[in-house]
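Have a look at the structure below before the remarks.
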Amino acid sequence: MERKILKEILTNVILILLALAFGFFLNKFMIANAQVPTSSMETTVMAGDRILVNRLSYVFSEPKRGDIVTFVYPDDGKTLYLKRIMGLPGETIEGKDGIIYIDGEPLKQDYTEEVSEDDFGPYTVPEGAYFMMGDNRNDSWDSRYWEHKFVELQDIIGKAAVSYFPHPRVLK
Numbered sequence: 001m002e003r004k005i006l007k008e009i010l011t012n013v014i015l016i017l018l019a020l021a022f023g024f025f026l027n028k029f030m031i032a033n034a035q036v037p038t039s040s041m042e043t044t045v046m047a048g049d050r051i052l053v054n055r056l057s058y059v060f061s062e063p064k065r066g067d068i069v070t071f072v073y074p075d076d077g078k079t080l081y082l083k084r085i086m087g088l089p090g091e092t093i094e095g096k097d098g099i100i101y102i103d104g105e106p107l108k109q110d111y112t113e114e115v116s117e118d119d120f121g122p123y124t125v126p127e128g129a130y131f132m133m134g135d136n137r138n139d140s141w142d143s144r145y146w147e148h149k150f151v152e153l154q155d156i157i158g159k160a161a162v163s164y165f166p167h168p169r170v171l172k
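Numbering (the UniProt record's numbering), first residue to last: 1 to 172.
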């Protein structure tokens, strides 16, 4: 009888340890879970939203303009940020009179109606790097203002996939 109870306890402990190991593996290599602390991406992502980030997004493909990504802030090398990719490697990006230009052509944006009050650039994005901006253009600390303007590909954690709380939705 006592042996049967010990065997059942041991089985349950092993199952719990396996579940914890699987959860650690998912969080470390496949999915990141984050809470958005600021309003810099409103109205796409709201302050307080809980999101899931796909760490495998850029294993087999390159980041694209418009992707919402989590990355390591280039000015301190440790803080995680959430922004939208605006400038791609080799492009020149500039903001004048509320319009963003890529290689001299106005950029069409359907994800924000916010017009930036500040002009910026022109900046040429180095190979292997990206220029980031928040959707809440006038309340976002982003590439326009950083000392190190660009985010290297290896510093991108992954693409934000879904917001699951408090308002579940796919992020675009």
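Heads up, the beta-carbon is just placed ideally off N, CA and C, and yes, glycines get one too.
These numbers were taken from a predicted model, which means no experiment stands behind them.
In the structure shown, M133 adopts extended strand secondary structure according to DSSP, grouped into three states.
Under the rule that a run must span 3 or more residues, the beta strand (DSSP E) segments found entirely inside the segment 20 to 60 read 31 to 35, 50 to 54. Note that the C-beta distance between D135 and T43 is below 9 Å. In this structure, DSSP gives R3 a helical state, which the three-state scheme calls helix.
Note: K159 is bridge-paired with N54, V69 in the DSSP secondary-structure output.
Taking C-beta atoms as the reference points, P122 and E94 count as a pair closer than 9 Å.
Contact annotation: N138 and E114 have beta-carbon atoms nearer than 9 Å. Per DSSP, L88 lies in no beta strand (DSSP E) segment and is marked neither H nor E.
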